[in-house]
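The structure appears right after this line, and notes come after that.
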Amino acid sequence: MTVDNIFAILLLPFLGALSDRTRTRLGRRRPYILAGAPLAMLFFLLIPYARLFENLALMMFTIILMNLSMAFFRTPVVALMPDITPSHFRSQANGIINFMGGLGALLVFFAGKPLYDSNITYPFIAGGLLMLLASLIVVFSIKEDRPIIEEENREGKKPAVSFRESLSAFYENIKDIFSGDRSLFFILLSIFFWFVGFNSIETFFTSYAKFYLGIKESTGALVLGVFSLSFMVSALVTGYIGAKRGRNKTIRAGL
Numbered sequence: 129m130t131v132d133n134i135f136a137i138l139l140l141p142f143l144g145a146l147s148d149r150t151r152t153r154l155g156r157r158r159p160y161i162l163a164g165a166p167l168a169m170l171f172f173l174l175i176p177y178a179r180l181f182e183n184l185a186l187m188m189f190t191i192i193l194m195n196l197s198m199a200f201f202r203t204p205v206v207a208l209m210p211d212i213t214p215s216h217f218r219s220q221a222n223g224i225i226n227f228m229g230g231l232g233a234l235l236v237f238f239a240g241k242p243l244y245d246s247n248i249t250y251p252f253i254a255g256g257l258l259m260l261l262a263s264l265i266v267v268f269s270i271k272e273d274r275p276i277i278e279e280e281n282r283e284g285k286k287p288a289v290s291f292r293e294s295l296s297a298f299y300e301n302i303k304d305i306f307s308g309d310r311s312l313f314f315i316l317l318s319i320f321f322w323f324v325g326f327n328s329i330e331t332f333f334t335s336y337a338k339f340y341l342g343i344k345e346s347t348g349a350l351v352l353g354v355f356s357l358s359f360m361v362s363a364l365v366t367g368y369i370g371a372k373r374g375r376n377k378t379i380r381a382g383l
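Start counting the sequence shown at 129; every next residue gets the next number (this note's numbering).
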């Protein structure tokens, strides 16, 4: 699971910059989804079968390839929403995205238990097929508008595309965070500590449930559904509050 975070640090800034420079008939985000999602689904489906061979190296290799495939289209997917959504609707749009993410996680936790109890491969098959279906819906039903691209062309902006340029732009953004108003720095610091705490619980909760509470892994995963439920309930509400009261005030209140 640490490999996913390593890819996020090393690859996502570069792939995001590369996506900004991409110009195709499908747009600049959807080609990455179309290329990465099928591979991610394939390697995700292979994870339980690698476990059946009781070969740790094979299972780790499969998970690494899945994370690599996911990293290929994660940044373009995130960038797609602001690309096609006017600025004054982005708080609501972000709330809807978080709501759907919470709903999906809730479905996984509650539906995953009976599937896992029936056969350990069933949750992976269902998850892989749903991910592929969702990706295909995005690719073939959403048309990327071009206002952001046209605005960049008018302003003469040329996003970084090489890995070195991406790192340079990243360091410049870091300097901006530490200079002037420190509000953004403290918000990011709060988010960092929040994810450290939450991911620590989420990652090891099923192991804790099995080895210390004496319950099955599937039941432990079911308990995690409570996190997704609270996340889903608050997502839409905070999105509209952010639009009415301001994003900065809403974030500060939440933190």
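Idealized CB from N, CA, C, for every residue including glycine.
In the DSSP assignment, find the alpha helix (DSSP H) that holds residue i and state where it starts and stops.
| i | result |
| --- | --- |
| Asn226 | 218–246 |
| Ile191 | 184–212 |
| Thr130 | 130–138 |
| Ser318 | 311–339 |
| Leu162 | 158–180 |
| Leu154 | Per DSSP, Leu154 belongs to no alpha helix (DSSP H) and is neither H nor E. |
Going by Cα to Cα distance, which pick from the options is closest to residue i?
| i | options | result |
| --- | --- | --- |
| Met259 | Pro214, Gly230, Arg179, Phe172 | Phe172 |
| Ile191 | Asp211, Thr213, Ala168, Ala207 | Ala168 |
| Ile379 | Asn222, Gly232, Thr347 | Asn222 |
| Phe252 | Ile134, Ala178, Ser296 | Ala178 |
| Leu138 | Leu154, Thr203, Asp148 | Thr203 |
| Phe359 | Ser307, Phe227, Pro159 | Phe227 |
| Thr130 | Asn195, Tyr160, Leu186 | Asn195 |
| Ser346 | Glu300, Leu193, Asp245, Val205 | Asp245 |
| Ile302 | Leu184, Val266, Pro141, Asp132 | Pro141 |
| Gly229 | Glu182, Val361, Leu341 | Val361 |
| Ile212 | Ile270, Glu182, Leu170 | Ile270 |
| Tyr160 | Lys372, Val205, Leu193 | Val205 |
Can the beta-carbon of residue i be found less than 8 Å from the beta-carbon of residue j?
| i | j | result |
| --- | --- | --- |
| Ser356 | Leu243 | no |
| Leu162 | Phe200 | no |
| Leu174 | Lys241 | no |
| Arg149 | Leu208 | no |
| Ala337 | Gly353 | no |
| Val236 | Gly255 | yes |
| Glu272 | Gly370 | no |
| Met198 | Gly164 | yes |
Taking the beta carbon of residue i as the centre, do at least 16 other beta carbons fall within 10 Å, making it buried, or is it exposed?
| i | result |
| --- | --- |
| Asp304 | exposed |
| Ala288 | In this prediction, Ala288 has a pLDDT of 49, which is less than 50 and means its spatial position is unreliable; nothing more can be read from the coordinates. |
| Thr334 | buried |
| Gly382 | exposed |
| Thr71 | Look at the range of the chain in this structure, 129 to 383, and you will see that residue 71 is not part of it. |
| Ser263 | buried |
| Leu146 | buried |
| Thr331 | exposed |
| Ala185 | exposed |
*asked:* Could you check whether the segment 209–229 touches the segment 320–334, counting it as contact only if at least three pairs of C-beta atoms, one from each stretch, sit closer than 8 Å?
replied: no
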